[in-house]
Structure formats: C-alpha cells, structure tokens
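For the protein sequence lines, the chains are A and B, in the order given.
Under this note's numbering, think of the first position of the first sequence as 13, with each following residue one higher.
Under this note's numbering, think of the first position of the second sequence as -6, with each following residue one higher.
Working notes for the structure below.
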Amino acid sequence: MTVDERAVTEALTRLADRARPVDPELLLSRALRRRARLKRPRWGLALAAAACVVAIGVVALRAHEQLAVSPASSPTASTEPTASTKSTARATRSATAPPATVYVRDIPGLPRNTIAQFATVEDCMPKGSPVHSMDGERLLPQYGTIKDYRWLVEAKDKLGVTRLVGSRKGFVLCTPAIRLVSYPTDPIFSYWGGDPPGKLALRGALSVDVYSVEMQSEINPGRDGDPSFLVVAGRVAPQATGVEVEWADGRKMTANVRNGFYIGRSRVYADKKGSIRPVPLSKVTAYDSGGQALGELKNVKWRSEGTTDADD
Amino acid sequence: MHPDDLGVFTAFVTTRSDSLMRLAYVLTGDQHAAEDLLQSALARTADRWRSIRGDPEAYVRQVMYHEQVGRWRSPRWGRERVVETLPERIAGDGTERVDDRLTLEQALRRLPAKKRAVLVLRYFEDLPESDVARIMGCSIGTVRSQTHQAVKRLRELVGETVNLEA
Chain A
13 MTVDERAVTE ALTRLADRAR PVDPELLLSR ALRRRARLKR PRWGLALAAA
63 ACVVAIGVVA LRAHEQLAVS PASSPTASTE PTASTKSTAR ATRSATAPPA
113 TVYVRDIPGL PRNTIAQFAT VEDCMPKGSP VHSMDGERLL PQYGTIKDYR
163 WLVEAKDKLG VTRLVGSRKG FVLCTPAIRL VSYPTDPIFS YWGGDPPGKL
213 ALRGALSVDV YSVEMQSEIN PGRDGDPSFL VVAGRVAPQA TGVEVEWADG
263 RKMTANVRNG FYIGRSRVYA DKKGSIRPVP LSKVTAYDSG GQALGELKNV
313 KWRSEGTTDA DD
Chain B
-6 MHPDDLGVFT AFVTTRSDSL MRLAYVLTGD QHAAEDLLQS ALARTADRWR
44 SIRGDPEAYV RQVMYHEQVG RWRSPRWGRE RVVETLPERI AGDGTERVDD
94 RLTLEQALRR LPAKKRAVLV LRYFEDLPES DVARIMGCSI GTVRSQTHQA
144 VKRLRELVGE TVNLEA
C-alpha cells in the first residue's frame, strides 16, 4: 500500500466526511455557556495570582534579610562572578546600603540573574527542561533542567523579543508568545560550538553558535502572518561591547551584547512559495568599547538550533 | 456579548459550523471529541469576538489546532475512550482497496495529535509550510520534519497492520 501525499489527503477527506453535522443552535448555546464558565475562573486566577505576588514578596524579603543579597550594580561587571552571592552579601552589607536586588544562585561562567531575569528562563522552559526538536512533549533532561540555565542576553524590538538562555553546556532560543492562544517557541537545545559535550570557553574573540529563524506567534497576525526573524547569537570576548552582523545581500544588524554573549534578530519575509531562504552571513565582527575590532568571522552559513546525539 | 455582536456571531456559527465540524473531526477522529473541541474553540472565539481582526473562521481554526495540541499534552489524552460504536474492522468487507483505506484511516487516528495536525494543515487544508508554521507556532524546518516524521510513522503503522494480518 502506497502512503503518499495523495493517499493522505484522500484519507483525511474521507475522515472529514464521517463528521456528523451538528445543530448550529445547540452548538451556539453550548459554546456560549462554556464561555460563561471560562470567564468565571478568572477571578480565581486573579486571586491566585495576587496570592502568588504576596508570597513572592514575602520570600524575596526573607531572602533579602537572610542571604543571597548583593548590590544591584554588580551583575554587569563580569561574566564570571568571583564569589557566591552569600559571601558577597556578607562583604557588602552595611547599615546604609540601598535596597538590594535578589539574585538566584550563581553558576560559574554564566551571568548572575535576578529573580526577574530567571523568571524568563522558567517562561522559556515551562516543562522544566529543553524538549526534543521533533516532539515538544518529549523532555530532554539530559541537557539540564531550569536550574542549570540562566538568562544571557536578549534582542528586543517593537514586535517582541528573542532571548538567549544558556547553561554551561549549551543554550536555547526563546521567543515568547501568549500561552493557549499563540504559542512560544519550543526550547530546542544546542551545544555551545555545535558539538557535544559543549564547552562554554570561547576560542578566539567570537563564535556564531546559532544562525536560525525564529517565528513569533501572535494572536491576530497581520496580512504578512506571524513575523519571522533571522536570529544570530553566540559567545563573544568579555571585553566586547558590540557585535555587527553583515549579510551577503548587504543588510546589516547590530546585535545586543551582554557579559560575553550576544544576540540580534532581523525581520525576514517568506517568498511566494512560503519558504524562507536565509542569506549567508558575509561577516560578523566583535568590537570593544573603543570601536576596535576584536575579531571577525566570514562567510558564516546556516547553523540552526538542535543537536544530534545518542538520543536521536 | 453585545446583542449586535451576538447576532453576527450566531450567523457565523450557523453558516460555518459544518465546515468547522469537519475540521474538528479530522483533528480528533471522534464525533464527541470533535463537538467538544469545536464548542471550546467557539467559546474562546466568542470571548474575543470584538478583538478579532480579519477572518473569524481562521481564528477559530487556529484555536482548534492549538487546543487540540494542548489537549494532547494533557495527561488524560491518549487514554482509551468509551465510544458509541465499535471501530470498523480492518478486514471488513474483503476487498483490498477498502481494507487499505480503512487501514490508512486507522493509522491516521493513531498518530499523535501534533503530527496529525501538521498533516491536516498541509494536506487537508492545503496550506503552504509558512502558514502551517505560523499556525503551529514553530519553525518551517520543524513543519518539514514533523511532516516527514508523520508520513514515516503512517507508513510504519500501515505496515504494522498489514504484518499483523499476514
């Protein structure tokens, strides 16, 4: 038996033909009744959310009092925190200290995250770990769980945001959306450098760890549909303050740099057939604060997310 | 819902319910589940009726796809369900052609919801990959791979059934 496009189309059409029509009036009344039920729990959700806010506030205050406290200005200093938050807190606390920001546990080599920054990691991996690229329901804890990841850097524009969230072994890209109505991208794991075991240490001044397309799902997309973006991201020397991306067709983009990581996104449109054909990157250059080029990569080709290893 | 909106919404449901029901059935493979899915999608649509720009049917369809994939994610999905009538037997009427058709339909019913949804969008709705990716909220590459995997799985399922009969 041949299973091809035609056979599948015919089988689906036959399946559809089996649907028994429903009484529109009955359908309408049931839908409206269900709508009323949908609306009701929102008060419950609102109360639960308020309770959560209060609880988080209490926890944050306690944490502020007891441990994991350091000045708000410290996280931008370096990609490698020199001490744990606990010892930093002891060293810097004084009677006149301004209200401090609370951080989550440090991971050596990754930027320190505030609770708010770490919340974006949780938002990115709602199931607790990266998922399989073919099956968003299949968790892959072998690539680490939320506690191993930190928010690294993000590219924001008027349409939305794409975040680079990483661990010591690799990273995921996250383009959030509105749950249950429009879907966020799945957290697909990639190793730093592309190959296992994935090492955070950077050789040279710059690495393009991903050059991919991210789609941002919206509730009511315009005529162009949900926007897609070419995303370029990776690691860069700690002293770099700027990364410029140039495509072979002459387009340019300035990426956001933070603590040794960078990410940039640029809107891209599908052709008439609905395909997106990414143009190679002609040059990616890292600059220091004086505008001096620290390093550059040329003719960078497509490097999409995901990894192939024993799991596949 | 404002009375004016209710009138338009009622007209919309009256005129489009058959077409939407067909889609719901293809997605779920079951009459009751299809009715439930459609009701749920219409409830959500009614809730946002005023803010929907463009074609409301496209909105309902998108909600149905997302709801169906979401339901599949719930722990209840995938368990055995009580049905009114027994499923048709594969070797029902003795003709190979009919057997093949039923085998393929049963294989389609056994596909995971996400994979079936991709096939429905690509081959039943005849949408380009970019539209499928937009609706499913994933990349075009994922659509391609999901389609490939779904067809591959279908072939395996069809093969399995044939082997079982042999």
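Quick reminder that beta carbons are idealized off the backbone N, C-alpha and C, glycines included.
On a predicted model such as this, the values are computed, not experimentally measured, just so you know.
Check	Outcome
Cβ of Ile275/A within 8 Å of any chain B Cβ	no
Sheet register partners of Val203/A (DSSP bridge)	The sequence shown places Tyr at residue 203/A, not Val. DSSP, once it has assigned bridges, lists Gly182/A as partnering Tyr203/A.
Residue environment, Ala100/B, which counts as buried when at least 16 other CB atoms sit within 10 Å	buried
Met146/A in three-state terms, based on DSSP	coil
Limits of the unbroken beta strand (DSSP E) element including Val243/A	Ser240 to Val248
Candidates Thr7/B, Phe117/B and Leu(-1)/B, of which the one nearest Tyr18/B by Cα	Phe117/B
Exposure label - Lys181/A; buried when at least 16 CB within 10 Å	buried
Ser106/A burial status per 10 Å Cβ neighbour count (16 or more: buried)	Legend: pLDDT at Ser106/A = 41, less than 50; position of this residue unreliable, value from coordinates given subsequently. Ser106/A should be labelled exposed.
Of the listed residues Thr319/A, Arg315/A, Val296/A and Gly302/A, nearest to Glu308/A (C-alpha basis)	Val296/A
Simplified DSSP assignment, three categories, for Thr97/A	Low per-residue confidence applies at Thr97/A: pLDDT is 32, beneath 50, and the placement is therefore not dependable enough to give any value.
Residues that Gly140/A bridges to, as DSSP identifies them	Paired residues: none, contrary to the question.
Expected contact under 8 Å - CB spacing of Tyr58/B and Ala110/B to nearest Å	5 Å
Limits of the unbroken alpha helix (DSSP H) element including Gly0/B	Pro(-4) to Thr21
Local Cβ density within 10 Å of Gly22/B, reported as buried at 16 or more and exposed below that	buried
Arg279/A - partner residues in DSSP beta bridges	Phe241/A
Neighbourhood of Arg162/B by C-beta, 7 Å cutoff - its chain only, sequence neighbours within 5 removed	No answer is possible for residue 162/B: it lies beyond the span of chain B, which begins at -6 and ends at 159.
Option nearest Arg102/B by Cα separation, candidates Gly210/A, Ala167/A and Leu27/A	Leu27/A
CB contact check: Glu17/A to chain B, cutoff 8 Å	yes
Exposed unless 16 or more other CB atoms sit within 10 angstroms - verdict on Val151/B	buried
Contact list for the stretch 107 to 141 of chain A against chain B, Cβ threshold 7 Å	none
CB of Glu50/B within 8 Å of CB of Arg9/B, strictly	yes
Interface flag, Gly0/B vs chain A, CB-CB below 8 Å	no
8 Å Cβ cutoff, Pro121/B in contact with chain A	yes
Cβ contact (3+ pairs, closer than 8 Å) linking the stretch 236 to 251 of chain A and the stretch 265 to 278 of chain A	yes
Same chain, Cβ closer than 6 Å to Arg147/B, neighbours up to 5 away in sequence not counted	It is Leu, not Arg, that sits at residue 147/B in the sequence shown. Contacts found: Ala100.
Same chain, Cβ closer than 6 Å to Trp163/A, neighbours up to 5 away in sequence not counted	Asn125, Gln129, Thr132, Val133 and Val177
Delimiting residues of the alpha helix (DSSP H) encompassing Glu22/A	Glu17 to Asp29
Residue of Arg30/A, Leu214/A, Leu218/A and Ile288/A minimising C-alpha distance to Phe241/A	Ile288/A
Whole-Å CB distance - Ala31/A paired with Ala27/B, under 8 Å assumed	6 Å
Proximity below 8 Å, CB of Met227/A to CB of Gly130/B	yes
CB contact below 8 Å: Thr25/A versus chain B	yes
Proximal chain B residues relative to Arg32/A, where beta-carbon distance stays under 7 Å	Gln24
CB of Ala39/B within 8 Å of CB of Val56/B, strictly	no
Nearest candidate by alpha-carbon position, reference Ala282/A, set Asp124/B, Gln139/B, Lys145/B and Ala106/B	Asp124/B
Proximal chain E residues relative to Met146/A, where beta-carbon distance stays under 8 Å	This model lacks chain E altogether, as its protein chains are A and B.
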